[in-house]
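Heads up, the thing below is written out as C-alpha cells.
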Amino acid sequence: MAVCLFIIYLICYFSLWKGIKMSGKVVWFTAVFPYVVLSVLFIRGITLPGAEKGIEYYIRPNIEMLAVPSVWQDAATQVFFSLGPGFGVLMAYSSYNQFHNNVYFDALITSTINCATSFLSGFVIFSVSWITISMLKMQQKSTAIAMQYESFQVLGYMSCKSGKPIQDVAQQEKEKKKSAFQEGPGLVFVVYPEALATMPGASLWSIIFFLMLLTLGLDSSFGGSEAIITALSDEFPILKRRRELFVAILFTFYMFVGISMCTKGGMLVMEWLIVYGTSWGLLIAVFCETIVISFFYGIKQFVKDLKEMLGFEPGWYWRVCWTIGAPLFLLGTILSSFINYEPLKYQDYVYPFAANVVGLIFALSAVSAIPIVGIYKFCSAKGDTFKAVCVFHFIANLQRLVDV
-15 MAVCLFIIYL ICYFSLWKGI KMSGKVVWFT AVFPYVVLSV LFIRGITLPG
35 AEKGIEYYIR PNIEMLAVPS VWQDAATQVF FSLGPGFGVL MAYSSYNQFH
85 NNVYFDALIT STINCATSFL SGFVIFSVSW ITISMLKMQQ KSTAIAMQYE
135 SFQVLGYMSC KSGKPIQDVA QQEKEKKKSA FQEGPGLVFV VYPEALATMP
185 GASLWSIIFF LMLLTLGLDS SFGGSEAIIT ALSDEFPILK RRRELFVAIL
235 FTFYMFVGIS MCTKGGMLVM EWLIVYGTSW GLLIAVFCET IVISFFYGIK
285 QFVKDLKEML GFEPGWYWRV CWTIGAPLFL LGTILSSFIN YEPLKYQDYV
335 YPFAANVVGL IFALSAVSAI PIVGIYKFCS AKGDTFKAVC VFHFIANLQR
385 LVDV
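My numbering numbers the first residue of the sequence shown as -15 and each following residue consecutively.
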C-alpha cells in the first residue's frame, strides 16, 4: 500500500509541478472519465434483474427523517465535500480567472452539475447494490444448515474466549457486519465490488470501477493541493519561483501522513481525520466567511462589486440567502453538531479519551487563525471606525484585482 501511495503522489507531483496549465490538461481526463464510467454503470445497472427494487428504495421519500438533525448534518457534509466551499479550492482556481468572468453563470452551472451527478450516482449505487442483497438471501437459503452449524461452532469458541453469553456474541457479530455495510469505505470497497463480481465480465467492470475511483481521488487531490500551493505562493513569492521544490516538499509531507493509514490501524486513523479534520473547523470557517462578507464588509458593497464584475446586480433571493439563509443554516448545523456530539467510535472500537481530546483541539486549531489574523489586521489597518477598517482591506484587494 505504501508503494501505491508513493505512485499516486508521484502522479500528483508531475501533474502540478508546472502550474495550473499542466494540471488543467490532466483534469480534462480525471474529470470527464468518471462521468463516462457512471453513465456506463448506470445503463448496466438499470438493466439488471432486481434493479427496480433498489431504485424504488432510493427514490421513495421518508418524510419522518427530515426531523432528524443528523440527516441535515449529513446533507451539509455532502454539499461541502462535493461543491468544496471552505476548502479554498474554489478561491484558488477562481484566482486564475479574468476579473469580468461570469461567476454567476459558473456558480449556477457548477451547482446544477453537482446535484445531477450526486443524483445519478445514487441510481448507480442502489440499482447495482441490490444484487448483493439478493445474492446474500439466496446463499443464505441454499446453505442454511451448513452456515448455522459453522456459526454455532465459531460463536461457541468466541463465547468461551470472551466469557460472554453466546447470544451477546451473536448480536455483537451481527452489529459488526451491519456497520461494515453502513460505513462509507465498506460500501465502496465491499458492497459494490461484491455486486460487480456477480455480473458477466466481472473483471472488466471491476477494473472500470476502480479506475473511476482512482481518477476521482486524483482530481480531489489536485484541487486540495492547488489551493494550498496557490495560497502560500501568493503570500510568499519565493515559493512561486521555486514551485517544483515546494510541490515536492508538500507531497512528501502528504506521503508521511498517508503512510499512517497504510498500517493495520489505518482505518482508525482515517476515521479520526474524517471526523475531526473536516467537521467543525470547516463549518465554522464557512460561517465566518458569510458573516464577514454580509455584515462586516456589507452586502450592499458586495453586490456593488459583483455588478462591477458581471455588469448586473444579483437578485434579492441571493441577498437573503447570503445575509439570512446561509448564516442561520450554518449556525444551526454547528450548534446541532456540538449538542449531538458523541465520543468517536468506529464499528466496535471505542477511541480512548485522549484521542477525542486531541481531535477536538485539532478541529478547532484549524479556525484559530481566523480571530488571530483578524485582530492583527484590525489593529494594523487604516480607518477611524470598525466598518472603515473592514472595508479598507477588501477595497485594497479588489483594486489590485482590477489593475491586474
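Virtual Cβ for every residue (Gly too), placed ideally from N, Cα, C.
Own chain residues within Cβ distance below 7 Å of residue i, not counting five before or after
{"i": "K224", "result": "S217"}
{"i": "Y(-7)", "result": "F235, Y238 and M239"}
{"i": "M183", "result": "W189"}
{"i": "P53", "result": "S320 and N324"}
{"i": "K248", "result": "none"}
C-alpha distance - residue i paired with residue j, whole-angstrom precision
{"i": "F(-10)", "j": "K288", "result": "48 Å"}
{"i": "I27", "j": "F13", "result": "21 Å"}
{"i": "I47", "j": "V55", "result": "11 Å"}
{"i": "A15", "j": "C363", "result": "44 Å"}
{"i": "T199", "j": "F(-2)", "result": "15 Å"}
{"i": "K291", "j": "D90", "result": "15 Å"}
{"i": "V444", "j": "L104", "result": "Examination of residue 444 is not possible in this model, given that the chain is present from -15 through 388 alone."}
{"i": "I39", "j": "S66", "result": "22 Å"}
{"i": "G358", "j": "F193", "result": "45 Å"}
{"i": "I213", "j": "V270", "result": "20 Å"}
{"i": "N85", "j": "S79", "result": "11 Å"}
{"i": "V87", "j": "L294", "result": "8 Å"}
{"i": "I(-5)", "j": "E297", "result": "42 Å"}
{"i": "S349", "j": "P355", "result": "11 Å"}
{"i": "Q57", "j": "Y330", "result": "18 Å"}
{"i": "T262", "j": "G70", "result": "10 Å"}
{"i": "G299", "j": "I97", "result": "22 Å"}
{"i": "Y77", "j": "Y301", "result": "26 Å"}
{"i": "L257", "j": "Y333", "result": "16 Å"}
{"i": "I233", "j": "V63", "result": "31 Å"}
{"i": "Y360", "j": "E219", "result": "16 Å"}
{"i": "Y19", "j": "A338", "result": "42 Å"}
{"i": "A(-14)", "j": "C246", "result": "6 Å"}
{"i": "I268", "j": "V351", "result": "7 Å"}
{"i": "L328", "j": "L50", "result": "24 Å"}
{"i": "S187", "j": "F279", "result": "56 Å"}
{"i": "S205", "j": "P33", "result": "37 Å"}
{"i": "K162", "j": "E178", "result": "The predicted position of K162 is uncertain, since its pLDDT is 46 and thus under 50; a value taken from the coordinates is nonetheless stated next. Approximately 15 Å, taken between the alpha carbons."}
{"i": "I222", "j": "S209", "result": "18 Å"}
{"i": "Y335", "j": "T31", "result": "43 Å"}
{"i": "A60", "j": "C305", "result": "15 Å"}
{"i": "F230", "j": "A215", "result": "12 Å"}
{"i": "P45", "j": "F83", "result": "43 Å"}
{"i": "V341", "j": "E255", "result": "15 Å"}
{"i": "L180", "j": "S102", "result": "20 Å"}
In DSSP terms, what residue i is bridged to
{"i": "K329", "result": "V334"}
6 Å Cβ shell around residue i - same chain, five flanking residues per side excluded
{"i": "L25", "result": "V108"}
{"i": "A130", "result": "Residue confidence for A130 is low, a pLDDT of 35 falling below 50, so the modelled location carries little weight; the figure read from the coordinates is stated next. So no residue of the chain qualifies."}
{"i": "Y260", "result": "G343, F346 and A347"}
{"i": "G207", "result": "V73"}
{"i": "E228", "result": "W1"}
{"i": "L202", "result": "T14"}
{"i": "F173", "result": "none"}
{"i": "S95", "result": "none"}
{"i": "Y42", "result": "G106 and F110"}
Beta-carbon proximity list for residue i, same chain, < 8 Å, skipping 5 on both sides
{"i": "R303", "result": "I283 and V287"}
{"i": "S244", "result": "G250 and V253"}
{"i": "L195", "result": "F17 and V21"}
{"i": "G68", "result": "L74 and G207"}
{"i": "G3", "result": "R227"}
{"i": "L266", "result": "F64, G70, F71 and A350"}
Any chain D beta carbon closer than 8 Å to residue i
{"i": "G70", "result": "No chain D is present in this structure, which holds just one protein chain."}
Worksheet item: Below 8 Å, can you find three or more Cβ-Cβ pairs linking the stretch 267 to 280 to the stretch 314 to 322?
Response: yes
Worksheet entry | Validate contact between the stretch 299 to 309 and the stretch 319 to 332 using beta carbons, cut 8 Å, 3 pairs | Short answer: they don't touch.
Fill in: alpha helix (DSSP H) runs contained entirely in the stretch 13 to 64, provided each spans 4 or more residues
Whole alpha helix (DSSP H) segments, 4+ residues: 35 to 43.
Worksheet item: Mind pulling the alpha helix (DSSP H) runs of 4 or more residues that sit fully within the stretch 289 to 314?
Response: 300 to 304
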